[in-house]
Amino acid sequence: MGWMNMELIRRLFKAAHRMVEENSNDQQEPPSSEIVEISVKLSENIDQLATIFSDTPDLIVRTFTYKQSGVPAALAYLDGLVDKNSINNNVLHELMFHTTTDDRDELPVALGEIKSLLTWETVENSILRGYSILFIDGQAHAFSLETQGWPQRAIEDSQIEASLKGAHQGFVETGSQNIALIRRYIPSRELKIKELYVGNRTKSKVSILYLEDIALPDIRIELERRISSLQIDCILNTGELAELIEDNPFSLFPQMITTERPDTAASQLLQGRFCVIVDRSSSVLIAPVGLAAFFQGIDDYSTRWPVATFFRLLRFFACIIAAFLPAFYIACVSYNHELIPLDLILSIGEFRSAVPFPPFIEALIMEIMLEMLREAGVRLPAPVGQTVGIVGGIVIGQAAVQAGIVSNLMVVVVASTAVASFILPNYDMAASVRLIRFPMMTIASLYGIIGIIAGAMVILAHLISLKSLGEPYSTPIAPVRMADWKDVFIRLPLKKMVHRPKSVRTLQKRRYGMMKKEGDDSS
Numbered sequence: 042m043g044w045m046n047m048e049l050i051r052r053l054f055k056a057a058h059r060m061v062e063e064n065s066n067d068q069q070e071p072p073s074s075e076i077v078e079i080s081v082k083l084s085e086n087i088d089q090l091a092t093i094f095s096d097t098p099d100l101i102v103r104t105f106t107y108k109q110s111g112v113p114a115a116l117a118y119l120d121g122l123v124d125k126n127s128i129n130n131n132v133l134h135e136l137m138f139h140t141t142t143d144d145r146d147e148l149p150v151a152l153g154e155i156k157s158l159l160t161w162e163t164v165e166n167s168i169l170r171g172y173s174i175l176f177i178d179g180q181a182h183a184f185s186l187e188t189q190g191w192p193q194r195a196i197e198d199s200q201i202e203a204s205l206k207g208a209h210q211g212f213v214e215t216g217s218q219n220i221a222l223i224r225r226y227i228p229s230r231e232l233k234i235k236e237l238y239v240g241n242r243t244k245s246k247v248s249i250l251y252l253e254d255i256a257l258p259d260i261r262i263e264l265e266r267r268i269s270s271l272q273i274d275c276i277l278n279t280g281e282l283a284e285l286i287e288d289n290p291f292s293l294f295p296q297m298i299t300t301e302r303p304d305t306a307a308s309q310l311l312q313g314r315f316c317v318i319v320d321r322s323s324s325v326l327i328a329p330v331g332l333a334a335f336f337q338g339i340d341d342y343s344t345r346w347p348v349a350t351f352f353r354l355l356r357f358f359a360c361i362i363a364a365f366l367p368a369f370y371i372a373c374v375s376y377n378h379e380l381i382p383l384d385l386i387l388s389i390g391e392f393r394s395a396v397p398f399p400p401f402i403e404a405l406i407m408e409i410m411l412e413m414l415r416e417a418g419v420r421l422p423a424p425v426g427q428t429v430g431i432v433g434g435i436v437i438g439q440a441a442v443q444a445g446i447v448s449n450l451m452v453v454v455v456a457s458t459a460v461a462s463f464i465l466p467n468y469d470m471a472a473s474v475r476l477i478r479f480p481m482m483t484i485a486s487l488y489g490i491i492g493i494i495a496g497a498m499v500i501l502a503h504l505i506s507l508k509s510l511g512e513p514y515s516t517p518i519a520p521v522r523m524a525d526w527k528d529v530f531i532r533l534p535l536k537k538m539v540h541r542p543k544s545v546r547t548l549q550k551r552r553y554g555m556m557k558k559e560g561d562d563s564s
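Just so you know, we're using our numbering here: the sequence shown kicks off at 42 and counts up by one.
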């Protein structure tokens, strides 16, 4: 008994000691980030640079005599992030050999905006973004010079979103150039840009583009709130940003369009949507969007409307084929034989007599093999990837049939499904439809046609409940907006589409520049 009491007292003592330590740790204030100001002495500033950028061999510190005042000066920058010709011709040559007026605070530098920096935090961020920092002995501030010149590729055609009659220009990895490409299509003062910085470590610049007289301010405020509230080390591309700010990250369906085409981005801006440009990323986010927007291509508006309507209907039909054809085959062969004509079912039975697997396993093997070939073709170099995709598909399919692993009809079903998924113009939506096949195949193998109908109803219910930036994802189908059906399943002549889509809430309803008819409202 005494031993149990002693053990109880010992445990209580340890618990009390642990609570005291936790309270003391909670009461300790976190170390505050001390603001370090720039020194008046040039030597101390150079030493501080060496301390901040230790083990940074690409940091260049060029010391010289400032001709304007005759005092020592230093120019610091990161090699590879600056334009050396601009530094030599517009900065060093002017500072070392030329003088201007008697005003010693004025720099004789023919560059863009010159900012005065007072703290080392701003100096560090400016150097890491490609600016050159000028220190002058005797001055307690530094100057930030616009000398950015990092490596960048030329503007080329998009590799993912091919166009027959559209422009052949694609976005690049520089945010300022991407904004310039959009301004080429919309040279309007109403095109506004809101800049935000995301990432506690990298401070990636994110630009929100919109037309002020068209886009709804409530949606812009919500978009800014979601982006500015992110707590993350860095944002490397638009795909990461889209996943962080979308309404339902667990949904298979993309809730924002990712595009590499400036003409697509400009078209969506004119409809009242928002474009989000992430610096160092070659794609742009478009939001809010609905399901129908993923089936629209830029060529739909550069071809005649009957042709555009036919291809758009073909895309919707291909989406159904890509999602449900393997499941329908499994359901018919396994359960619902009455749906198959007699001659065809005899042929299927003859082909399947040598196959040892049930239809579900047979379809699963072929679908996984198809996805492996698709992924291999993407990862390999372009000439080799095409060869592997074509030859590998033919050889493996023929060998699988001869070996009795799969039937001939299953190869036709899988090939038709693959072709149908290639028709969809948006890569993200095509990938989502491909993933839907597998749960639909599983439920079809268990419940047949009834399972397919139940799965389709679950998908429809999910699409109706889904939102993009708080806006209904399935509009104008649910909720129904018949006025927008002119550009959903069909594409009527452009003269008939006088108003902007009502599913995209906008300030200006009428398309700018359209002739106003008598009896129409002025909204």
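Don't be surprised by glycine CBs; every beta carbon is placed ideally from N, CA and C.
| Item | Value |
| --- | --- |
| Count the other C-beta atoms from every protein chain shown that fall within 10 angstroms of the C-beta of Ala440, then say buried if there are 16 or more, exposed otherwise. | exposed |
| Take Leu232 as the anchor and find which of Ile249, Gly445 and Met451 has the nearest alpha-carbon. | Ile249 |
| Measure the Cβ-Cβ separation of Ile234 and Val247 and say whether it is below 7 Å. | no |
| Would you kindly work out how many angstroms separate the C-alpha atoms of Phe105 and Ala114, rounded to a whole number? | 5 Å |
| What's the gap between the Cα of Ser323 and the Cα of Glu197? | 11 Å |
| Between which two residues does the beta strand (DSSP E) holding Glu236 run? | Leu232 to Val239 |
| Taking only three categories from DSSP, how would you classify Thr92? | helix |
| State yes or no: is the beta carbon of Gly179 nearer than 7 Å to at least one beta carbon in chain B? | No chain B appears in this structure, which consists of one protein chain only. |
| What distance in whole Å lies between the Cβ atoms of Arg225 and Val213, which are believed to be in contact at a cut-off of 8 Å? | Their Cβ separation, rounded to whole angstroms, is 14 Å, which puts Val213 and Arg225 out of contact at 8 Å. |
| Name the DSSP bridge partner or partners of Pro113? | Thr106 |
| Going by other Cβ atoms of all chains shown within 10 Å of its Cβ, with 16 needed for buried, is Ala333 buried or exposed? | buried |
| Tell me whether Phe392, by its Cβ, gets closer than 6 Å to a heavy atom of the ligand FMN. | The model depicted lacks the ligand FMN and carries no ligand whatsoever. |
| Can you list, in chain order, the residues of its chain whose CB lies under 6 Å from that of Thr305, leaving out five sequence neighbours each side? | Ile339 |
| Where are the beta strand (DSSP E) runs, 3 residues long or more, that stay fully inside the region 302-376, in chain order? | 315-319 and 325-328 |
| Based on Cα-Cα distance, which residue from Ala307, Ile477 and Ile174 lies nearest to Ala117? | Ile174 |
| Residue ranges of each alpha helix (DSSP H) run of no fewer than 4 residues wholly in the region 258-289, ordered along the chain? | 258-269 and 279-286 |
| What residues are listed by DSSP as bridge partners for Thr465? | For the record, residue 465 in the displayed sequence is Leu; it is not Thr. BP columns for Leu465 are empty, so no partner. |
| Give the straight-line distance between the Cα atoms of Gly207 and Ser199, rounded to the nearest whole angstrom. | 11 Å |
| Going by DSSP, name the residue or residues bridged to Thr547. | Ala256 |
| Write down the C-beta distance between Glu644 and Leu510 rounded to the nearest angstrom, noting that I regard them as a contact closer than 8 Å. | The structure shown does not extend to residue 644, since the chain spans only 42 to 564, so no value can be given for it. |
| With C-beta atoms as the reference, is Leu158 less than 7 Å away from Ala183? | yes |
| What are the boundary residues of the beta strand (DSSP E) that Phe184 is part of? | Ala183 to Leu186 |
| I need the DSSP call for Ala151, collapsed to helix, strand or coil. | coil |
| If you follow the beta strand (DSSP E) that Ser173 is part of, which residue opens it and which one closes it? | Ser173 to Ile177 |
| With distances taken from CA atoms, which of Gly496, Leu476 and Arg420 is nearest Ile484? | Gly496 |
| Tell me where the beta strand (DSSP E) around Leu158 begins and ends. | Lys156 to Leu158 |
| List the endpoints of the continuous alpha helix (DSSP H) containing Thr163. | Trp161 to Leu169 |
| Taking DSSP's pairing of strands, which residues face Val247 in a bridge? | Leu237 and Val319 |
| Spatial neighbours of Leu237 within its chain, please: C-beta separation below 6 Å, excluding the five flanking residues on both sides. | Val247, Ile268 and Ser269 |
| What are the start and end residues of the beta strand (DSSP E) that includes Ile298? | Ile298 to Thr300 |
| Within 10 angstroms of the Cβ of Arg230, are there 16 or more other Cβ atoms? Answer buried if so, exposed if not. | exposed |
| When the Cα atoms are used, what is the spatial distance from Glu147 to Leu282? | 41 Å |
| Can you tell me whether Val545 is buried or exposed, with buried defined as 16 or more other CB within 10 angstroms of its CB? | buried |
| Nearest by alpha-carbon distance to Phe315: which of Gln272, Phe138, Asp259 and Ser185 is it? | Asp259 |
| Just curious, the alpha helix (DSSP H) that Asp384 is in, first and last residue? | Leu383 to Arg393 |
| Would you tell me roughly how many angstroms separate the C-alpha atoms of Asn278 and Ile93, rounded to the nearest one? | 27 Å |
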